[in-house]
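Enquirer:
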Amino acid sequence: MEFALLAPTFILFFLGMTAYGIHVGASHSVQQIAAEVARAAISGRSEAERRALAADFVRFNAGGYSFVDPRKLSVEARDPTGDGTRFVVAVRYDATALPLWNLLNGLPLPGRIISRQSTIRIGGI
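If you use this note's numbering, the sequence shown corresponds to residues 10 to 134, in order.
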């Protein structure tokens, strides 16, 4: 009797934790991709070369991250200041295909687009 009363609540909590765990895992992967792309791209001598290095990193390495489909990943690499002191990588991921959206219909879930960015200083210190 007690199990019949408490089981639906425990199942609801379990599915909610699973859904948010999947989203947190995908968010962490997107943040890691942004940081790794920025570190890989910083070795370029010009903004165009850094953009090419960023695109190459995503093409060859993004498939190895948990919960991330590289085809739904977009990367914008730019020099925001124009003076060449910083380089910014913005990563946007369409998380619509993640299985968490099918777990529970009534659960308030986070957004389906995950956006993260990483800024790195050019030239060291």
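Where is the CB? At the ideal position from N, CA and C, for every residue including glycine.
With a cut-off of 8 Å, does the C-beta of Arg68 fall near any C-beta of chain D?
Expert: Here there is only one protein chain, and chain D is not present.
Enquirer: Roughly how many angstroms separate the alpha carbons of Val46 and Thr18, rounded to a whole number?
Expert: Thr18 has its alpha-carbon roughly 42 Å from the corresponding atom of Val46.
Enquirer: Applying the criterion that 16 or more other CB atoms from any shown protein chain within 10 Å of the CB defines a buried residue, is Ile188 buried or exposed?
Expert: The shown model of the chain, from 10 to 134, leaves out residue 188, and the question about it has no answer.
Enquirer: Roughly how many angstroms lie between the CA atoms of Leu82 and Leu24, to the nearest whole one?
Expert: 26 Å
Enquirer: To the nearest whole angstrom, what separates the beta carbons of Ala86 and Ala63, a pair I think is in contact under 8 Å?
Expert: 4 Å
Enquirer: Please report the straight-line C-alpha distance between Thr94 and Ser55, rounded to a whole angstrom.
Expert: 12 Å
Enquirer: Please state whether the Cβ-Cβ distance between Phe12 and Arg59 is less than 8 Å.
Expert: Contact flag unset, no.
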